[in-house]
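Per the working numbering, the sequence shown starts with residue -17, numbered consecutively. Built from N, CA and C at the ideal position, the CB exists for glycine as well. Here is the structure we will look at, set down as structure tokens.
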Amino acid sequence: MDTIFARSTAPGRSGLAVIRLSGPRSWQTVEWLTKRGLPPARRLVRRRLVDGDRLLDDGMVVLFAEGASFTGEQSAELHLHGSEAVMRAVLDVLGRRDGLRLADPGEFTRRALENDRLDLSAAEGLSALLEAESTAQHQQALGLYEGALRGRVEEWRRRLVDILAALEVSIDFADEDVPVDVFPELRDLVDQVIAGLRGELAGSGAAE
């Protein structure tokens, strides 16, 4: 698998800019850039980044172990000064290194999905969070990202499974006297699921 990299912060001059790497050569690349031993995972440390004898920047690096990163892969972040000159220099050096390539749009999120670090609703929530402009959009996106929709979907699924199980019982024992009429209860469960779906759709439209 390729090791991918990309700038994670918006273009333009700023005090800080971040480059993210993900894949099997992430840590090796940080070691090569810094000419230093690797720090413990999840600890932000100061390092000078160099290309041979040329100093690229004096910044911070942090490592994430496989299974404990956003993508689920071995990953690293370079926290650098946010000038375009620094970004161009570091990205150019990374682009010339064997086994590394610039990430495709959305590839970090796709890898997180493939490695079960996110589900589709959380990925949608993350996208919505990055685009959020209003307080309502912010809160809805956070809820989606944190699994609010996933919990509701799981409850709807549980109720539908109950409905199917009760229907199967009524079909299997259609020729026998079943003392309890289950259909009013089933209709109530169906109505609850429909109401939940309609409420979710209405809520999604309200935050646009």
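Practice prompt. Tell me whether Asp35 sits in a helix, a strand or coil according to DSSP, three-state version.
Written response: Within the sequence shown, numbered from 1, the residue matching residue 35 stands at position 53. Three-state DSSP puts Asp35 in coil, outside helix and strand.
Worksheet item: Given Val0, which residues of its chain have a CB within under 8 Å of its CB, disregarding the five upstream and five downstream residues?
Response: Translated into positions along the sequence shown, residue 0 becomes position 18. The answer, listed in chain order, is Arg(-11), Ser(-10), Thr(-9), Glu59, Leu60, His61, Leu62.
Worksheet item: Cα separation between Ser57 and Ser4?
Response: Along the sequence shown, one-based indexing puts residue 57 at 75. Along the sequence shown, one-based indexing puts residue 4 at 22. Roughly 4 Å separates the two Cα atoms.
Worksheet item: Does the Cβ of Arg2 have 16 or more other Cβ atoms within 10 Å, making it buried, or fewer, making it exposed?
Response: The residue given as residue 2 occupies position 20 in the sequence shown. Counting Cβ neighbours within 10 Å, Arg2 comes out buried, since at least 16 surround it.
Worksheet item: Going by Cα to Cα distance, which pick from Asp80, Arg24, Arg28 is closest to Lys17?
Response: Indexing the sequence shown from 1 puts residue 17 at position 35. Per the Cα distances, Arg28.
Discussion item. I need the DSSP call for Ser57, collapsed to helix, strand or coil.
Written reply: For this step, residue 57 is matched to residue 75 along the sequence shown. Three-state result, Ser57: strand.
Fill in: Val72 vs Leu31 beta-carbon contact at 8 Å
In the sequence shown, the residue the question calls residue 72 occupies position 90. In the sequence shown, the residue the question calls residue 31 occupies position 49. It is a contact, given that the beta carbons lie within the stated cut-off.
Worksheet item: By Cβ distance below 8 Å, which residues in the same chain neighbour Asn97 in space, the five residues on each side in sequence not counted?
Response: Taking the sequence shown and counting its residues from 1, the one referred to as residue 97 is at position 115. Excluding residues within five positions, the ones whose Cβ falls inside 8 Å are Thr53, Gly54, Glu55.
Item to complete: Below 8 Å CB to CB, which residues in the same chain sit around Gly19 once its five sequence neighbours on both sides are set aside?
Response: Indexing the sequence shown from 1 puts residue 19 at position 37. Closer than 8 Å at Cβ, skipping near neighbours: Glu13.
Item to complete: Could you check how far apart the C-beta atoms of Leu213 and Pro6 are, in whole angstroms? I think they sit under 8 Å.
Response: Outside the displayed span of the chain (-17 to 190) sits residue 213, for which this structure offers no information.
Discussion item. Less than 6 Å between C-beta atoms, sequence neighbours within five positions excluded: which residues of the same chain meet that for Ala85?
Written reply: In the sequence shown, residue 85 corresponds to position 103, counting from 1. Contacts found: Ile(-14), Ala(-12).
Item to complete: Out of Leu100, Ser(-4), Arg(-5), Gly64, state which residue places its alpha-carbon closest to the alpha-carbon of Ala50.
Response: The count along the sequence shown starts at 1 and reaches residue 50 at position 68. Of the candidates Leu100, Ser(-4), Arg(-5), Gly64, the one whose C-alpha sits nearest the C-alpha of Ala50 is Leu100.
Item to complete: Sort out for me which residues DSSP pairs Met42 with in a bridge.
Response: Your numbering for residue 42 matches position 60 in the sequence shown. Paired residues: Arg28, His61.
Worksheet item: Which of the three DSSP states, helix, strand or coil, is assigned to Leu(-2)?
Response: In the sequence shown, the residue the question calls residue -2 occupies position 16. Reduced to three states, the DSSP call for Leu(-2) is strand.
Worksheet item: Rounded to a whole number of angstroms, what is the C-alpha to C-alpha distance between Leu146 and Asp170?
Response: Numbered from 1 along the sequence shown, position 164 holds the residue referred to as residue 146. Numbered from 1 along the sequence shown, position 188 holds the residue referred to as residue 170. Roughly 14 Å between the two C-alpha positions.
Practice prompt. Return helix, strand or coil for Phe52, following the three-state DSSP convention.
Written response: Within the sequence shown, residue 52 is the residue found at index 70, counting from 1. Residue state, collapsed to three classes: coil.
Worksheet entry | Under the three-state DSSP convention, the category Ala(-12) falls into | Taking the sequence shown and counting its residues from 1, the one referred to as residue -12 is at position 6. Reduced to three states, the DSSP call for Ala(-12) is strand.
Worksheet entry | Element boundaries [alpha helix (DSSP H), containing Leu73] | Here residue 73 is taken as the residue at index 91 of the sequence shown, counted from 1. 66 to 77 is the span of the alpha helix (DSSP H), which, as asked, contains Leu73.
Discussion item. Let me confirm a value: Gly88 is counted as buried when at least 16 other C-beta atoms fall within 10 Å, else exposed. Which label applies?
Written reply: Position 106 of the sequence shown, counted from the start, is the residue given in the question as residue 88. It counts as exposed.
Worksheet item: Cα-Cα, which of Leu76, Val68, Leu108, Gly81 is closest to Leu37?
Response: Here residue 37 is taken as the residue at index 55 of the sequence shown, counted from 1. Selected option, being the one with the closest Cα: Val68.
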